[in-house]
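**Student:**
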Amino acid sequence: MNIVIFGPPGAGKGTQSNFIVKKFKLHQLSTGELLRKEIRDNTELGQKISSIINSGHLVSDIVVSDIIEKYISNNIYKDRLIFDGFPRNLNQANILNKLLKKYDQKINIVLKLSVSLKTIKKRILERRLLEKRADDNEEIAIKRYETYEKNINPVIDFYKQTKLLKVVNGETSISKISDEISALIEGI
Ligand code: AP5
Ligand code: MG
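Residue numbers for the sequence shown, in our numbering: 954 to 1141.
1) Determine the burial state of Arg1041: buried for a count of at least 16 other Cβ atoms within 10 Å of its Cβ, exposed for fewer.
2) Can you give me the Cβ contacts of Asn971 inside the same chain, cut-off strictly under 8 Å, excluding the 5 residues immediately before and after it?
3) From Asp1089 to Thr996, what does the alpha carbon distance come to, in whole angstroms?
4) Specify, as a first and last residue, the run of the beta strand (DSSP E) that Lys1065 falls within.
5) If you check the beta carbons only, do Met954 and Arg1080 fall under 9 Å apart?
6) Alpha carbon to alpha carbon, how far is Asn1047 from Ser1018?
7) Return the first residue and the last residue of the beta strand (DSSP E) that Asp1037 is part of.
8) Comparing alpha-carbon positions, which option in Ile1025, Ile1035, Gly1038 lies nearest Gln1058?
9) Under the rule that 16 or more other beta-carbon atoms within 10 Å means buried, what is Thr984, buried or exposed?
10) I'd like the ranges of any alpha helix (DSSP H) spanning at least 4 consecutive residues and lying wholly in the region 957–1025.
11) Spell out the partners DSSP gives Val1121 in its beta bridges.
12) Going by DSSP in three states, Asn1164 sits in which element: helix, strand or coil?
13) Name the two residues that bound the continuous alpha helix (DSSP H) containing Tyr1098.
14) Return the chain-ordered list of same chain residues with a C-beta closer than 6 Å to the C-beta of Ile1095, the five sequence neighbours on each side being excluded.
15) Shorter than 8 Å, the distance from the beta carbon of Lys966 to the closest heavy atom of the ligand MG, or not?
16) Between the C-alpha atoms of Val974 and Gln1000, what's the straight-line distance to the nearest angstrom?
17) Please return the same chain residues whose Cβ sits closer than 8 Å to the Cβ of Lys1119, not counting the five positions on each side in sequence.
18) Got a sec, what are the start and stop residues for the alpha helix (DSSP H) Asp1132 sits in?
19) For Leu988, count neighbouring C-beta atoms within 10 Å of its own C-beta (all shown protein chains included) and say buried if the count is 16 or more, exposed if not.
20) What's the gap between the Cα of Glu1102 and the Cα of Lys966?
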């Protein structure tokens, strides 16, 4: 089983992915985490992308699709991936489809976490105190939200057409959301 989870910044993609990974024995593929690791490790790629990430824009589709192909092509992860934060635009949705076909896989369910900008700001400012992510301040959080809103509608339509899309209210408690997601996955 492969799962896509998407939603605005602070929607709970990472939080819910952690839960799904444990419960359903999958592997989390968070493009944001992997890109931040490149920055932390000060790799050539990390140096190129740090200003993009820290301004709330999207890194190029080629960079992220190269990263995800490494996982999709690896037999260890075959039919065990949860894509956290990918795809983020229509081109990435098409790339994901092509890559999965190439490696004889598919998406089984797409989870969209819906959260208001007010909640996003609150969560990101709280997390900032704990994790010290360079892109976690109010101004960049708003920019990340705008980037999301600008690109995501065609992705939503894309997954609506394939009948894979399930919309989950991301405003309730972490455990309530996990229960709802669990039921959706078990219902596949
Ligand atoms: P990414 O790392 O994906 O960041 P994001 O989309 O902004 O989302 P976050 O990680 O901030 O939030 P989340 O939804 O995971 O929420 P979390 O569970 O942490 O991407 C970062 C950047 O990388 C992008 O801006 C872009 O530049 C680049 N990038 C990444 N993917 C890319 C792609 N595909 N293409 C191009 N560029 C890409 O929760 C947030 C906080 O809220 C936590 O503290 C958590 O404990 C708390 N919380 C969670 N759920 C609840 C709840 N229900 N109630 C109360 N608190 C909660
Ligand atoms: Mg995250």
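From the three backbone atoms N, C-alpha and C, an ideal C-beta is built for every residue, glycine too.
**Tutor:** According to the data block:
1) Counting from one through the sequence shown, the residue named residue 1041 turns up at place 88. It counts as buried.
2) Position 18 of the sequence shown holds residue 971. Once the five neighbours on either side are set aside, the close Cβ partners of Asn971 are Gln981.
3) For the purposes of this step, residue 1089 is identified with residue 136 of the sequence shown, where counting begins at 1. For the purposes of this step, residue 996 is identified with residue 43 of the sequence shown, where counting begins at 1. In a straight line, the C-alpha of Asp1089 is about 22 Å away from that of Thr996.
4) Position 112 of the sequence shown, counting from 1, holds the residue named residue 1065. Counting along the chain, the beta strand (DSSP E) containing Lys1065 begins and ends at 1062–1067.
5) Taking the sequence shown and counting its residues from 1, the one referred to as residue 954 is at position 1. Taking the sequence shown and counting its residues from 1, the one referred to as residue 1080 is at position 127. Their beta carbons are not under 9 Å apart, which means Met954 does not touch Arg1080 by this criterion.
6) Residue mapping note: residue 1047 aligns to position 94 of the sequence shown, counting from 1. Residue mapping note: residue 1018 aligns to position 65 of the sequence shown, counting from 1. When rounded, the distance between both Cα atoms is 11 Å.
7) Position 84 of the sequence shown holds residue 1037. Here the beta strand (DSSP E) through Asp1037 covers 1034–1037.
8) Within the sequence shown, numbered from 1, the residue matching residue 1058 stands at position 105. The option with the nearest alpha carbon to Gln1058 is Ile1025.
9) Within the sequence shown, residue 984 is the residue found at index 31, counting from 1. Label assigned to Thr984: buried.
10) 966–977, 984–993, 997–1006, 1014–1025
11) Here residue 1121 is taken as the residue at index 168 of the sequence shown, counted from 1. Partner(s): Leu1066.
12) The structure shown has nothing for residue 1164, since the chain only spans 954 to 1141.
13) As a first step, residue 1098 must be located in the sequence shown, where it is residue number 145. Where Tyr1098 is concerned, the enclosing alpha helix (DSSP H) stretches over 1091–1114.
14) Your numbering for residue 1095 matches position 142 in the sequence shown. Once the five neighbours on either side are set aside, Ile1095 has no close Cβ partner at all.
15) Here residue 966 refers to the residue found at position 13 of the sequence shown. Answer for Lys966: yes, Cβ within range of the ligand MG.
16) One-based indexing of the sequence shown puts residue 974 at position 21. One-based indexing of the sequence shown puts residue 1000 at position 47. Distance between the alpha carbons of Val974 and Gln1000: 30 Å.
17) Locating residue 1119 in the sequence shown gives position 166, counting from the first residue. So the list reads Ile1062, Val1063, Leu1064, Lys1065, Leu1137, once near-sequence residues are dropped.
18) Residue numbering aside, residue 1132 sits at position 179 when the sequence shown is read from its first letter. First-last of the alpha helix (DSSP H) with Asp1132: 1127–1139.
19) Indexing the sequence shown from 1 puts residue 988 at position 35. Flag for Leu988 reads buried.
20) Locating residue 1102 in the sequence shown gives position 149, where the first residue counts as 1. Locating residue 966 in the sequence shown gives position 13, where the first residue counts as 1. About 16 Å.
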